[in-house]
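Below is one structure; the comments refer to it alone.
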Amino acid sequence: MKTYQVTKRVAILTTVLTFAVFSAASAFDLVLTVPHRRSGLHLTNTNQGVKIVRVDQNSPAENAGCRPNDLITSISNPNSGAAQARTVNAVIRMLEDASGDTTLSMLNPAGRRFNLVMRLPGRIAPNLTGWWRASIRLGGFSHQVSVQIIHNNNQVRGTFFGIPFVGNSSFDGLIQNGKIVANYRADNGKKGKIWLDMRGDSDLRGTSREDGSNTVLDLALTR
């Protein structure tokens, strides 16, 4: 009777430990797996390189021929350049800046090397229409002004109001690969360019420069 009870307890303990180990391993794997929604790739770091864990159905990655357990060794795109795929973070950064045809150099579990071309859609820009607060900096000088932006598709126009020694400054430009590139004209007749990185629907950072001048103003827009 005692032998039976001991055997039963050992069996229960073994089951509990097995379940705990499996659950911990599954949780660990989930933590290490990083998704990139626009491509449909789910990636993880391994000793051999960046491995594909899962591929979303009907995604650009699946349409290109990406398969689980394949390794990505390098990536190139006309917009984001070319780089070795050393870590998941490096690949994600490249994919975030990429659009259109993106070449992936691959290594499958059998050791065969091959290239795939994945066609990525452009990033969907947030709607920027509305009123913003802008910080304009030049060295130690800083001033806060109001900005009105009108955003339609990939076109952006608007006005900076009340810039010291300048007055108002209107701009008109385009959104290209997550960046705003615009020409401006101020009330004092000065013209120039504005470059802004879109860090979300409420954060724009960049610079402006007057035509024919080397002076660069730092811009930070929030709302």
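In the numbering used here, the protein residues as written are 1 to 223.
From the three backbone atoms N, C-alpha and C, an ideal C-beta is built for every residue, glycine too.
For clarity, every value in this text was computed on a predicted model and none was experimentally measured.
If you measure between the beta carbons of L120 and A98, is that distance less than 8 Å? With respect to A98, L120 sits close: the two C-beta atoms are nearer than 8 Å.
Excluding five sequence neighbours on each side, which residues of the same chain lie with their C-beta closer than 8 Å to the C-beta of P68? I52, V53, R54, V55
Sheet register partners of T44 (DSSP bridge): K51
Please return the same chain residues whose Cβ sits closer than 7 Å to the Cβ of Q155, not counting the five positions on each side in sequence. L174
Pull up the distance between the alpha-carbon of T207 and that of A134, whole angstroms please. 12 Å
How is the beta strand (DSSP E) around P35 delimited, first residue to last? 34-36
Cross-strand partners of S135 (DSSP beta bridge): Looking at the DSSP output, S135 sits in a beta bridge with Q144, A220.
Residue from V50, A82, C66, G167 with nearest C-alpha to V225: What the structure shows of the chain is the stretch from 1 to 223, and residue 225 is not part of that stretch, so it cannot be assessed.
Can you round the beta-carbon distance between T129 and V147 to whole angstroms, since I take them to be within the 8 Å contact cut? Not a contact, Cβ separation roughly 12 Å.
Give me the Cα-Cα distance between P164 and L41, rounded to the nearest whole angstrom. 49 Å
Look up T215 in the DSSP assignment and say whether it is helix, strand or coil. coil
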